[in-house]
Amino acid sequence: MLERDYIMRLIREFAEALELLLDKKDRDIQRQEMRNMYNQYVGPYEFYHTAAISDVMDSFTQFAEDERISRMEMLADLYYAEADMLCGPSRDMLLEKALALFSFIDRHSRTYSMERMAKIGSIRQRIASKA
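If you use this note's numbering, the sequence shown corresponds to residues 2 to 132, in order.
Structure follows, in structure tokens:
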């Protein structure tokens, strides 16, 4: 019960921090705070930006089983938000990683999320418009 409360509190804290970050106007500050959020909530920013999606998925074994899906969703949200700050191949790579994570979460989560489904649809549309 305490672990579940911890995870729920962590998710709320993450959502609030991400919302505050996205409200900032200065892109340099946004990028720095984005890096900090990766480091604080999921792990090293450098790893998650260079690793293949299979390595990213494997990295979640570091978290307790009941935390994994939540941490994956945090990372997917970070990829999704950061993709809006970038353009070109970097943007596309982040969108593809976000899509892979959101799709995995959708298949394995016990919770249906309309917000997650909307993000999956948006990412697919953005990727398809590039092709």
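Where is the CB? At the ideal position from N, CA and C, for every residue including glycine.
Using the Cβ count rule (16 or more neighbours within 10 Å means buried), how would you classify I23?
For this step, residue 23 is matched to residue 22 along the sequence shown. It should be pointed out that residue 23 corresponds to Leu in this sequence rather than to Ile. Classification for L23: exposed.
Determine the extent of the alpha helix (DSSP H) in which A53 is found, giving its start and end residues.
Here residue 53 is taken as the residue at index 52 of the sequence shown, counted from 1. In the DSSP annotation of this structure, A53 is not part of any alpha helix (DSSP H), being labelled neither H nor E.
Contact between the segment 20 to 36 and the segment 65 to 76 is defined here as three or more beta-carbon pairs at a separation below 8 Å; is this criterion met?
no
Just curious, the alpha helix (DSSP H) that F105 is in, first and last residue?
Here residue 105 is taken as the residue at index 104 of the sequence shown, counted from 1. Unbroken alpha helix (DSSP H) run through F105: G89 to H109.
Nearest by alpha-carbon distance to D78: which of I121, A52, R127 and P45 is it?
Locating residue 78 in the sequence shown gives position 77, where the first residue counts as 1. Relative to the Cα of D78, the nearest Cα in the group I121, A52, R127 and P45 belongs to I121.
Could you pull the start and end residues of the alpha helix (DSSP H) that M75 belongs to?
Within the sequence shown, numbered from 1, the residue matching residue 75 stands at position 74. M75 -> alpha helix (DSSP H) spans E66 to A84.
Give the range of the alpha helix (DSSP H) segment to which G122 is assigned.
Sequence index remark: in the sequence shown, residue 122 carries index 121 (1-based). Taken as a continuous stretch (DSSP letters only), the alpha helix (DSSP H) holding G122 covers M115 to K131.
Might you give, ordered along the chain, the residues of its own chain that have their beta carbon closer than 6 Å to the beta carbon of Y80, omitting 5 neighbours on each side?
Numbered from its first residue, the sequence shown carries residue 80 at position 79. So the qualifying residues of the chain are L95, K98 and A99.
Considering only residues of the same chain and omitting the five flanking positions on each side of I106, which have a CB-CB separation below 8 Å?
In the sequence shown, residue 106 corresponds to position 105, counting from 1. Around I106: I70, M73, E74, A77 and R117.
Among L87, D59 and D85, the one whose alpha carbon lies nearest that of L102
Locating residue 102 in the sequence shown gives position 101, counting from the first residue. Checking every option, the nearest Cα to that of L102 belongs to D59.
Exposed unless 16 or more other CB atoms sit within 10 angstroms - verdict on L19
On the sequence shown, residue 19 is found 18 positions in, with the first residue counted as 1. L19 is buried by the Cβ-count criterion.
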